[in-house]
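Numbering (this note's numbering), first residue to last: 82 to 594.
Even for Gly, the Cβ is constructed at its ideal location relative to N, Cα and C.
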Amino acid sequence: MTARRRQRLVLTGSITGAVIVALDGTVLTVAQPALQRDLHASFGQVQWTSTGYLIAVASLLVFAGRLGDRYGHQRIFALGILGFGAASAGIGLAPGVGWVIGLRVAQGIFGALLQPATLGMLRATYPSDRLGMPLALRTSAIGLAAAAGPVLGGALIAHWGWRAVFFLNVVPAGLIGVLALVVRVPTPGPRATAGATTTGGTTTAGGTRTPARLDLPGACLLALALVCLVHTLVALPETGWTMATTLGGAAAAIACGAFIRHEHRTASPLVPLSVVRSTTVAAALAVLLSASAALFGALFVSTYFLQDVLALDPMQSGLRVLPLAVLMVLSAPASAVLQRRYGPRRTTMAAMTLLTLGILALSQLDRASTAPAISGGFLLLGAGFGTVMVTATAVIVRHVSADHAGVAGGLQQTAMNIGPALGVATATMLVTLTAPTATATGHRPSGGPHWTGEAFLSAMGPALLTLAAVAATGALAAAKLPRRTADGDSPQPPATAGRDREPAEATAVTARD
82 MTARRRQRLV
92 LTGSITGAVI
102 VALDGTVLTV
112 AQPALQRDLH
122 ASFGQVQWTS
132 TGYLIAVASL
142 LVFAGRLGDR
152 YGHQRIFALG
162 ILGFGAASAG
172 IGLAPGVGWV
182 IGLRVAQGIF
192 GALLQPATLG
202 MLRATYPSDR
212 LGMPLALRTS
222 AIGLAAAAGP
232 VLGGALIAHW
242 GWRAVFFLNV
252 VPAGLIGVLA
262 LVVRVPTPGP
272 RATAGATTTG
282 GTTTAGGTRT
292 PARLDLPGAC
302 LLALALVCLV
312 HTLVALPETG
322 WTMATTLGGA
332 AAAIACGAFI
342 RHEHRTASPL
352 VPLSVVRSTT
362 VAAALAVLLS
372 ASAALFGALF
382 VSTYFLQDVL
392 ALDPMQSGLR
402 VLPLAVLMVL
412 SAPASAVLQR
422 RYGPRRTTMA
432 AMTLLTLGIL
442 ALSQLDRAST
452 APAISGGFLL
462 LGAGFGTVMV
472 TATAVIVRHV
482 SADHAGVAGG
492 LQQTAMNIGP
502 ALGVATATML
512 VTLTAPTATA
522 TGHRPSGGPH
532 WTGEAFLSAM
542 GPALLTLAAV
552 AATGALAAAK
562 LPRRTADGDS
572 PQPPATAGRD
582 REPAEATAVT
592 ARD
């Protein structure tokens, strides 16, 4: 198999996996009301179809990335996408909401295996100086799926019911999964030279470094910390700071502290110390976390503004938000060109500035705002966020060596999963605190948060200004990114001391898959 054909196969699989996950999330939102009616479920049960998935996927992403580093990203990708498709088929056949929730958790587990592998395969297949465009195409496909999901889901539900949306990805998932198992795509892996010594693994007589053992205690501690954190963030918009959410936050902090302590003491850490100590990787993760929190928090606030203040129906609201998805699709390939010309630092700082300006524009909306003014704000959001996703992700994947690409992908996906939960929780608390009398009007029948139009409008401005400050913080973090693309193309030089040091003369020669 030629190198070009191998790259095309890997890119096709990576894009298909990312699109399947993106479509699943958007069509589920459209399908939930019909699912609730058909299965006679409560609002809380329906919410757990989303919450269960989010908790499962967020808690396992880093460990799944480590599995890919050890056993091969293509193999883990095949397992993840086949399991994801099988769980989707099971949900479509589920007799009750309990089955749906359980299968959504299973889907989250397979989604955790799938997502880091889509980035790990690209890192292992493409030269580091050619990663920009594959990542841009992947981001464009995600944006297109996010835009098409509600429309496609609505059409399927109207003609065949809510179960049809879960059968949507079964066939492509099965085809790509079988292809990943049958077609052997060789990918480079690390090998130490003769006589080299490592502490993250063992070295054979011929000099080949075997993979380090899996850090199961570290994986459990990290999963516990993320489960508590995500559950707390998801519960906050509904319950506020109760005893349960406070204990959940405290448990997350304690588990996080225990995880950090364990990682510094173990010989085979789940997250290699060379990755943890990298200022560049930390800055890129901070950018993604702040950008996704600011964007999804702003979207949450804007959705209530469009439907509760302007009294638009969901279709009209979707048309106002459509420029965001369009600009995400268009800005992704453009960002690959921009970062080659201007470097990751300036490109990301400019993109975060656009994201901040978009949120500021939305904060100025009122009842008299026109459709162009509303869409203009979302246009800025899409242009900024699409560029940030490509550029910051490229920095993370390039800066980490190929044998740690799965962990890097897991960290990137973790930031992208926690950020939205953090943004929505922050936005809800800000609106509730700024307009406390609004909650006295009661709740929607579904039990979700609700405010009167006037009370919400008075609270919307301060909430969005705070979210704009979150985005601006991400722009400051972007100042720590490499000035030029070449600075981020080479993996971080191996540490010469500590438990995670690598041999300086290591070369990539193994064929893992």
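One question on the structure: do A332 and C309 come within less than 8 Å of each other, judged by their Cβ atoms?
The answer is yes: Cβ separation under 8 Å.
Under the rule that 16 or more other beta-carbon atoms within 10 Å means buried, what is W129, buried or exposed?
Burial call: buried.
When the Cβ atoms of the region 219-234 are set against those of the region 106-117, are three or more pairs found closer than 8 Å?
Segments in contact, yes.
How many angstroms separate the CA atom of Q397 from the CA atom of V259?
If you take the alpha carbons of Q397 and V259, they lie about 40 Å apart.
Are the region 190-203 and the region 91-99 touching, with three or more C-beta to C-beta distances below 8 Å?
In short, these stretches touch, since the Cβ pair count reaches three.
Can you confirm whether the region 345-358 touches the region 319-327 when touching is taken to mean that 3 or more C-beta pairs between the two stretches lie within less than 8 Å?
They do not touch, by the three-pair rule.
I need the DSSP call for T285, collapsed to helix, strand or coil.
In this prediction, T285 has a pLDDT of 44, which is less than 50 and means its spatial position is unreliable; nothing more can be read from the coordinates.
Quick check: the Cα distance between M409 and T384, rounded to an integer number of angstroms?
So the alpha carbons of these two residues sit roughly 18 Å apart.
Measure the alpha-carbon distance for L303 versus R426 and round it to whole angstroms.
Each residue's Cα considered, the two are about 30 Å apart.
What is the DSSP secondary structure of V259, reduced to helix, strand or coil?
Three-state DSSP puts V259 in a helix.
Can the beta-carbon of G255 be found less than 8 Å from the beta-carbon of G166?
Cβ distance < 8 Å, so G255 and G166 count as in contact.
Kindly provide the ranges of any alpha helix (DSSP H) runs that are 4 or more residues long and lie completely inside the region 338-410, ordered along the chain.
Listed in chain order, they are 354-357 and 360-385.
According to the neighbour-count rule (16 or more other Cβ atoms, all chains shown, within 10 Å of its Cβ), is S123 buried or exposed?
That one is exposed.
State buried or exposed for M324, treating a residue as buried only when at least 16 other CB atoms are found within 10 Å of its CB.
Classification for M324: exposed.
Answer yes if the region 399-406 comes into contact with the region 543-556, meaning at least three C-beta pairs across the two stretches below 8 Å, and no otherwise.
Judged by Cβ distances under 8 Å, the region 543-556 makes no contact with the region 399-406, as fewer than three pairs qualify.
Leaving aside the five residues before and after A432 along the sequence, list all residues of the same chain whose C-beta is less than 6 Å from its C-beta, in chain order.
G465, T468 and V469, listed in sequence order.
Report yes if the CB atom of A205 is closer than 8 Å to the CB atom of A483, and no otherwise.
Yes. Within cutoff.
Could you pull out every residue in the same chain whose Cβ sits closer than 6 Å to the Cβ of A159, ignoring the five residues on either side in sequence?
Taken in chain order, the residues that qualify are G258, A261 and L262.
Please confirm if the region 555-563 is in contact with the region 351-368, defined as three or more CB-CB distances below 8 Å between the two stretches.
Yes, the region 555-563 is in contact with the region 351-368.
For N250, collect the residues of the same chain with a Cβ closer than 7 Å to its Cβ; drop the 5 residues on either side in sequence, then sort them by chain order.
Hits under 7 Å: I101, L104, D105, G166 and S169.
What's the C-alpha gap between I182 and Q126?
Going from the Cα of I182 to the Cα of Q126 covers about 8 Å.
Between S373 and G504, how many whole angstroms is the CB-CB distance? I'm expecting something under 8 Å.
Sure, about 7 Å apart at Cβ, within 8 Å.
Taking 6 Å as the limit between beta carbons, can you name the residues of its chain near L370, skipping five residues before and five after?
Result list for L370: A496 and G500, in chain order.
Does L297 pass the burial test, meaning 16 or more other C-beta atoms within 10 Å, or should it be called exposed?
Label assigned to L297: exposed.
In whole angstroms, give me the CA-to-CA distance for H56 and S359.
Residue 56 lies beyond the range of the chain shown here (82 to 594); nothing can be said about it.
Using DSSP with H/G/I as helix, E/B as strand and the rest coil, what is H121?
Coil, per DSSP.
Between the C-alpha atoms of S444 and G458, what's the straight-line distance to the nearest angstrom?
Their Cα atoms are separated by approximately 9 Å.
Exposed or buried, which one is R89 when buried takes at least 16 other CB atoms within 10 Å?
Exposed is the call here.
Which complete alpha helix (DSSP H) runs does the region 155-221 hold, if anything under 4 residues is left out?
Within the region 155-221, the complete alpha helix (DSSP H) runs of at least 4 residues are 178-206.
Following the continuous alpha helix (DSSP H) through G457, name the residue where it begins and the one where it ends.
It spans A452 to H480 - the alpha helix (DSSP H) in which G457 sits, taken as one unbroken run.
Would you mind sorting H154 into buried or exposed? The rule is 16 or more other CB atoms within 10 Å of its CB.
With 16 or more other Cβ atoms within 10 Å, it is buried.
I'd like the list of long-range same chain contacts for P253, defined as Cβ closer than 7 Å, with 5 residues on each side in sequence excluded.
The residues are T97 and I101.
For A84, count neighbouring Cβ atoms within 10 angstroms of its own Cβ and tell me buried if that reaches 16, exposed if not.
A84 comes out exposed.
Apart from the five residues just before and just after G378, which ones in its own chain have a Cβ nearer than 7 Å to its Cβ?
The residues are G504, V505, T507, A508 and L548.
To which residues of the same chain is T474 closer than 8 Å at the C-beta, ignoring the five residues directly before and after it?
For T474, where only same-chain residues beyond five positions count, the Cβ hits under 8 Å are L200, L216, T220, A365, L369 and Q493.
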